[in-house]
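Heads up: take any position in the sequence shown, counting from 1, add 279, and you land on the numbering used here. A short worksheet on the structure shown next.
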Amino acid sequence: MEQTKRYSIKKILLTTLWVVLGAASVLLLAAAIRKKDTSRCKGVEITIKGADANVFVDEADIMQGIRQVESGDPVGKPVGAFNLKMMEAQLEKNIWIKSAELFFDNNQVLMVSIEERQPIARVFTMQGTSFYMDTAGIRLPLSEKLSARVPVFTSFPSDKKVMAHSDSMLLKDVIKMASYIMADSFFMAQTAQVNITPQAGFELSPVIGDHTVALGNAEDLE
Numbered sequence: 280m281e282q283t284k285r286y287s288i289k290k291i292l293l294t295t296l297w298v299v300l301g302a303a304s305v306l307l308l309a310a311a312i313r314k315k316d317t318s319r320c321k322g323v324e325i326t327i328k329g330a331d332a333n334v335f336v337d338e339a340d341i342m343q344g345i346r347q348v349e350s351g352d353p354v355g356k357p358v359g360a361f362n363l364k365m366m367e368a369q370l371e372k373n374i375w376i377k378s379a380e381l382f383f384d385n386n387q388v389l390m391v392s393i394e395e396r397q398p399i400a401r402v403f404t405m406q407g408t409s410f411y412m413d414t415a416g417i418r419l420p421l422s423e424k425l426s427a428r429v430p431v432f433t434s435f436p437s438d439k440k441v442m443a444h445s446d447s448m449l450l451k452d453v454i455k456m457a458s459y460i461m462a463d464s465f466f467m468a469q470t471a472q473v474n475i476t477p478q479a480g481f482e483l484s485p486v487i488g489d490h491t492v493a494l495g496n497a498e499d500l501e
């Protein structure tokens, strides 16, 4: 009986100790979160990925998007006052930004990771307009900063953003052929442009010579 009583007291003491330790841990965690939220942003570090030779988005563009959300310079503001999701959404409104990820490191520096879209072809339409395409089939506007060194396709039949099924399929063939050309340094160096025929085929104009190479469609490129 006495042994059972001692065991019960020991159990109660251990339970109480664990409860106290758990409560202390929660309080310490809450204090750490409050301290982090009230600490100030000490700087902004921007990394832009996916841009090999052409950078269509620069650090100035990124900072402009951040300042729009924060209504000014983010440095010096409390870390807890930042709406990182809103800032990511604002940055991703830029058509050239594929994704944006923002977080604070342990030194209260705002880390901004940007993945830029990669143009793979420049398309000229029969209506006289021009645009870039990326590998995902996203239409990208021309940039005032740089001109991408990508295969040029002429005589695309439509400049409408909402395309007919046949034009959408043709655009997929453009991406497929552009990817093939860019993957081979010889073809990339020797291709002046690729013209799209009325039959939705392709004719390659080489850099050297005044002949054209009838390629047909984008099947069996090898």
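Think of the CB as a built atom: it goes at the ideal place given N, C-alpha and C, for glycine as much as any other residue.
Please return the same chain residues whose Cβ sits closer than 6 Å to the Cβ of residue i, not counting the five positions on each side in sequence.
| i | result |
| --- | --- |
| threonine 491 | Glu482, Ser484 |
| leucine 363 | Leu381 |
| tyrosine 459 | Leu500 |
| glutamate 349 | none |
| methionine 390 | Glu324, Phe382, Asp384 |
| alanine 497 | Asp452, Lys455, Met456 |
| glycine 495 | Gly480 |
| alanine 493 | Glu482 |
Start and end of the beta strand (DSSP E) containing residue i?
| i | result |
| --- | --- |
| methionine 412 | 409 to 413 |
| lysine 377 | 376 to 383 |
| serine 487 | The residue asked about is misnamed: residue 487 is isoleucine in this sequence, not serine. It is not in any beta strand (DSSP E) - isoleucine 487 carries neither H nor E in the DSSP assignment. |
| leucine 363 | First-last for leucine 363: 363 to 370, but that is the alpha helix (DSSP H), not the beta strand (DSSP E). |
| methionine 456 | First-last for methionine 456: 444 to 461, but that is the alpha helix (DSSP H), not the beta strand (DSSP E). |
| arginine 396 | First-last for arginine 396: undefined, no H or E at that position. |
| glycine 581 | Residue 581 is absent from the model: the chain starts at 280 and stops at 501. |
| valine 323 | 322 to 328 |
Would you call residue i buried or exposed, if buried means 16 or more other Cβ atoms sit within 10 Å of its Cβ?
| i | result |
| --- | --- |
| arginine 396 | buried |
| isoleucine 487 | exposed |
| alanine 310 | Note that alanine 310 scores 46 on pLDDT, short of 50, meaning its location in the model is unreliable and no value can be drawn from it. |
| isoleucine 417 | exposed |
| proline 353 | buried |
| phenylalanine 361 | buried |
| leucine 293 | exposed |
Report all residues from its chain with a CB closer than 8 Å to the CB of residue i; omit the five preceding and five following residues, and keep chain order.
| i | result |
| --- | --- |
| valine 334 | Ile327, Glu395, Lys424, Leu425 |
| asparagine 373 | Val336, Asp340, Gly344 |
| valine 429 | Pro398, Ile399, Ala400, Arg401, Tyr411, Ala457, Met461 |
| methionine 442 | Leu450 |
| glutamate 338 | Ile325, Ile327 |
| threonine 503 | In this structure the chain extends from 280 to 501, so residue 503 is not present and cannot be described. |
| alanine 468 | Val486 |
Out of the options, which has the shortest C-alpha to C-alpha gap to residue i?
| i | options | result |
| --- | --- | --- |
| alanine 415 | Val388, Gly495, Asp452 | Asp452 |
| serine 434 | Pro353, Leu494, Ile475, Glu371 | Ile475 |
| isoleucine 454 | Met412, Gln406, Asp438 | Met412 |
| valine 473 | Ala400, Ser422, Arg319 | Ala400 |
| leucine 507 | Val402, Gln406, Arg428 | Outside the modelled stretch of the chain, which goes from 280 to 501, sits residue 507, for which no answer is possible. |
| aspartate 489 | Thr470, Gln406, Gln347 | Thr470 |
| leucine 421 | Lys356, Leu449, Trp375 | Trp375 |
| asparagine 386 | Gly351, Glu324, Val441 | Glu324 |
| lysine 356 | Glu371, Ser409, Lys321, Phe432 | Lys321 |
| valine 388 | Arg319, Gly495, Thr294, Met342 | Arg319 |
| glycine 480 | Asp463, Lys440, Pro436, Phe465 | Pro436 |
| threonine 404 | Ala427, Ile393, Val431 | Val431 |
| methionine 342 | Ser392, Thr295, Asp438 | Ser392 |
In terms of residue numbering, what span does the alpha helix (DSSP H) encompassing residue i cover?
| i | result |
| --- | --- |
| phenylalanine 466 | 464 to 469 |
| serine 434 | Counting along the chain, serine 434 falls outside any alpha helix (DSSP H), though it belongs to the beta strand (DSSP E) covering 431 to 435. |
| asparagine 416 | Here residue 416 is glycine; the residue named in the question, asparagine, does not match the sequence. Glycine 416 -> no alpha helix (DSSP H), and no H or E assigned at all. |
Is any heavy atom in the ligand COA found nearer than 7 Å to the beta carbon of residue i?
| i | result |
| --- | --- |
| threonine 326 | Of ligands this structure carries none, so the ligand COA is not represented either. |
Worksheet item: Per the contact definition of three or more C-beta pairs closer than 8 Å, is the segment 379 to 397 in contact with the segment 357 to 367?
Response: Yes: at least three Cβ pairs fall under 8 Å.
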